[in-house]
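In our numbering, the protein residues as written are 407 to 630.
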């Protein structure tokens, strides 16, 4: 969607919000490469260490591109899995065999650790996650996604039934009208002590006038 908006309209948003399902390192890198700040929680895949030292126990030395284990031994870069997007660092079997911490570190002949080739992007997004603007984006996203989830799960809007932009506009117009009516019904059904003040009559009339005008110009006005 980001690529299509850019290619077709030259539109690049400053920020884009999504849930953790879009928080993979590769997607975060794709977003930042387009000049957009991802307001997307980083997808953290916890390493299954079975009681052994986690990756966080190893110190990464950026300039040398290597890790240092808790015993002070070096784990140099050994190779990359470009398809999975991971870089692998491994200690020598000789160092691990003679190490007094081996039983706490690995059951194999030597210890390896991996990190994403986009780790710099992940670190940048982790920092962004602590900002007030990121937290505000998450609040706004939840409100929007709740409406879409209701439309898909309860109103049958899992796919469009009419062709073209005109048809899509008509279906979304009806979907929005249903969502607004449900919201008004829920507000009116609340107990009196928790009920919000009723909407201003002029505002309701204005909304009805706009909706009526759009409906009269739509495809549906010709079939009723």
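Glycine residues also receive a C-beta, built at the ideal position from the N, C-alpha and C atoms. All of these numbers come straight from a predicted model, not from anything done at the bench.
query = By Cβ distance, which residues of its chain are closer than 6 Å to residue 435, with the 5 residues on each side in sequence left out?
reply = For the purposes of this step, residue 435 is taken as residue 29 along the chain shown, with counting starting at 1. Hits under 6 Å: 524 and 527.
ask   = Hey, how far is the Cα of residue 425 from the Cα of residue 561?
value = Sequence index remark: in the chain shown, residue 425 carries index 19 (1-based). Sequence index remark: in the chain shown, residue 561 carries index 155 (1-based). Cα to Cα, residue 425 sits roughly 23 Å from residue 561.
inquiry  = Considering just the uninterrupted stretch of the alpha helix (DSSP H) at residue 549, what are its terminal residues?
reply    = Counting from one through the chain shown, the residue named residue 549 turns up at place 143. 538-560 is the span of the alpha helix (DSSP H), which, as asked, contains residue 549.
Under 8 Å between C-beta atoms of residue 421 and residue 412 = As a first step, residue 421 must be located in the chain shown, where it is residue number 15. As a first step, residue 412 must be located in the chain shown, where it is residue number 6. Cβ distance not < 8 Å, so residue 421 and residue 412 don't count as in contact.
ask   = Does the segment 437-451 come close enough to the segment 528-537 that 3 or more CB-CB pairs lie under 8 Å?
value = yes
request  = Confirm the yes/no value for this check: CB of residue 544, any heavy atom of the ligand COA, distance under 7 Å.
outcome  = The model depicted lacks the ligand COA and carries no ligand whatsoever.
query = Under a three-way DSSP split, which group does residue 422 fall into?
reply = To locate residue 422, count along the chain shown from 1; it is residue 16. Three-state result, residue 422: strand.
request  = Label residue 564 either buried or exposed according to how many other C-beta atoms from any shown protein chain fall within 10 Å of its C-beta, with 16 as the threshold for buried.
outcome  = The sequence position of residue 564 within the chain shown is 158, counting from 1. With fewer than 16 Cβ atoms within 10 Å of its Cβ, residue 564 is classed as exposed.
ask   = Taking the Cβ atom as the reference point for each residue, do residue 448 and residue 481 lie within a distance shorter than 8 Å?
value = Here the question's residue 448 lines up with position 42 in the chain shown. Here the question's residue 481 lines up with position 75 in the chain shown. Cβ distance not < 8 Å, so residue 448 and residue 481 don't count as in contact.
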